[in-house]
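Trainee: Before anything else, here's the structure in question.
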Amino acid sequence: MRIPFFLFVFAAALQAQTAELETYIEVRSGTLPIILTVPHGGSLKPANVLARRYGVTGTDSNTVPLAEMIVEELATRYGGKPHVIISRLHRMMLDPNRELEEAAQGDPTAIAAWHRFHDSAEKACDTVMKKNGVGLLLDIHGHRHLDQRIELGYLIKGDILKHTDAELNADTALIASTSIRDLDKRSPKSFAELVRGPQSLGGLLEFNGFRCLPSPSKASPAFLAGYFSGVYDVAAHGSRSGGTVSAIQVECPWNNVRDVPENQRRFAAALAKSLGVYFEVHFGRKLK
Ligand SMILES: [Zn+2]
Numbered sequence: 003m004r005i006p007f008f009l010f011v012f013a014a015a016l017q018a019q020t021a022e023l024e025t026y027i028e029v030r031s032g033t034l035p036i037i038l039t040v041p042h043g044g045s046l047k048p049a050n051v052l053a054r055r056y057g058v059t060g061t062d063s064n065t066v067p068l069a070e071m072i073v074e075e076l077a078t079r080y081g082g083k084p085h086v087i088i089s090r091l092h093r094m095m096l097d098p099n100r101e102l103e104e105a106a107q108g109d110p111t112a113i114a115a116w117h118r119f120h121d122s123a124e125k126a127c128d129t130v131m132k133k134n135g136v137g138l139l140l141d142i143h144g145h146r147h148l149d150q151r152i153e154l155g156y157l158i159k160g161d162i163l164k165h166t167d168a169e170l171n172a173d174t175a176l177i178a179s180t181s182i183r184d185l186d187k188r189s190p191k192s193f194a195e196l197v198r199g200p201q202s203l204g205g206l207l208e209f210n211g212f213r214c215l216p217s218p219s220k221a222s223p224a225f226l227a228g229y230f231s232g233v234y235d236v237a238a239h240g241s242r243s244g245g246t247v248s249a250i251q252v253e254c255p256w257n258n259v260r261d262v263p264e265n266q267r268r269f270a271a272a273l274a275k276s277l278g279v280y281f282e283v284h285f286g287r288k289l290k
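Residue 290, in our numbering, is where the sequence shown stops; the numbers in between run on with no holes.
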């Protein structure tokens, strides 16, 4: 039987679109129970994608090389690789860290890229849950706030972080609304300790040389100071909505972290080291 010509054309177009999407959203599967998503480090501005008309469009500069170094440092230390999902599209074209409507603003290619980003993150979470039982997704960003600290986002607003440890620990509705809902159930530490104690991710990173918020040294943002508590990626793929993969938005300052390759490397090594302790303390398992 002869296959109609239009079917060939259709198949070729589909193949071209798949190849295009693979360029825009890079996906690598890993072996560790860690998923890295990098939504704002891309630079591609394809002519066939309409520029977004509203929302934030600034790039998180150097978050892609920073993420690559985190991959390398995890491999060196634990002999495995994290799952990686990187948007190579400039944020003018797509913002994966938003609901679809604001993210793609109606452009068909951007819509398809958004789906590839989030379907891939979901698939990575499923793989981690099947293979490792539990896991952690880190959504890597860059901020330009005056206070140059690593801002860790768990979907807890800055004004809520002003509450005392006892108040946080008693707030079960709050805990259930965070991106580390499942991890809190597993961790032997209290919720407040998990978020800002010496063995919280902020505490461990501070021990390894990087000031953080929240952390033992800074429980909550200063009056009127900026703080990113997490947006779509950690809400969609963390354990707030179920599952055993928890998620943290990691907002990196420019100075001493993203600015030059030596500092990117130092931070990547500190994060890899911190994650080993974090997994042992809170997940009750070694990364290696
Ligand atoms: Zn960002």
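Each residue gets a CB set at the ideal place from its N, CA and C atoms; glycine is no exception.
Please give me, in chain order, every unbroken run of the beta strand (DSSP E) with length at least 3 that falls completely inside the stretch 169-195.
Mentor: Residue ranges of uninterrupted beta strand (DSSP E) with 3 or more members are absent from the stretch 169-195; none lies entirely inside it.
Trainee: Would you list the residues whose beta-carbon is nearer than 5 Å to any heavy atom of ligand 1, in the order they occur in the chain?
Mentor: His42, Asp62, His143
Trainee: Can you tell me which of the three DSSP states Ala249 falls into?
Mentor: DSSP places Ala249 within a strand segment (E or B) once states are collapsed to three.
Trainee: DSSP state of Gly205, grouped into three classes?
Mentor: helix
Trainee: With a cut-off of 8 Å on the beta carbons, I'd call Gly278 and Arg188 a contact; round off their distance for me.
Mentor: The Cβ separation is near 17 Å, so there is no contact.
Trainee: Leaving aside the five residues before and after Arg242 along the sequence, list all residues of the same chain whose C-beta is less than 7 Å from its C-beta, in chain order.
Mentor: Leu157, Ser179, Thr180, Ser181, Arg183
Trainee: Let me confirm a value: Ser219 is counted as buried when at least 16 other C-beta atoms fall within 10 Å, else exposed. Which label applies?
Mentor: Here Ser219 is exposed: its Cβ has fewer than 16 other Cβ atoms, across all protein chains shown, within 10 Å.
Trainee: I want to know whether the stretch 76-83 touches the stretch 17-28 - three or more CB-CB distances under 8 Å.
Mentor: no
Trainee: With Val40 as the anchor, note down where its beta strand (DSSP E) starts and where it stops.
Mentor: 36-40
Trainee: Suppose you measure from the CA of Pro255 to the CA of Gly60; what does that come to, to the nearest Å?
Mentor: 14 Å
Trainee: Return no unless some Cβ of chain C is closer than 8 Å to the Cβ of Tyr229.
Mentor: As a matter of chain content, chain C is missing from the structure shown, which is built from one protein chain.
Trainee: Could you check if Tyr56 is buried or exposed, using at least 16 other CB atoms within 10 Å of its CB as the buried criterion?
Mentor: exposed
Trainee: What's the C-alpha gap between His208 and Glu153?
Mentor: Residue identity check: residue 208 is Glu in the sequence provided, not His. Approximately 12 Å, taken between the alpha carbons.
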